[in-house]
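So the sequence shown is numbered by full-length UniProt numbering: it starts at 1 and just counts up by one.
The beta carbon of each residue, even a glycine, is placed where N, CA and C say it ideally should be.
Worksheet: one structure, shown below.
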Amino acid sequence: MELHPKILEKDGKKEFVILPYEEFERIETELNDYEDLRDLREAKQAEQDAETRSLADVRSEMGI
């Protein structure tokens, strides 16, 4: 991803960054996707040792 930032300084130090809106949206989407992936991995890890049942067993229990 190529970015085109404009850096604003205050008292000679970098203080703010301005990005074209499309670039901001791409970054926001990437961050949201990353957070979703991290949450999914955490959930999978938490359920790693959880009891499971096959679809056939569930259907049998429900009489389907």
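Whole-angstrom C-beta distance between residue j and residue i, which should lie under 8 Å
i    : j     : result
ILE7 : LYS14 : 5 Å
Residue j beta carbon less than 8 Å from that of residue i
i     : j     : result
ARG35 : HIS4  : Going by the sequence as given, residue 35 is Glu instead of Arg. Not in contact: GLU35 and HIS4 (Cβ atoms no closer than 8 Å).
MET1  : ARG26 : yes
Bridge partners - residue i, DSSP secondary structure assignment
i     : result
LYS44 : The partner list for LYS44 (beta bridge, DSSP) is empty, contrary to what the question assumes.
LEU8  : PHE16
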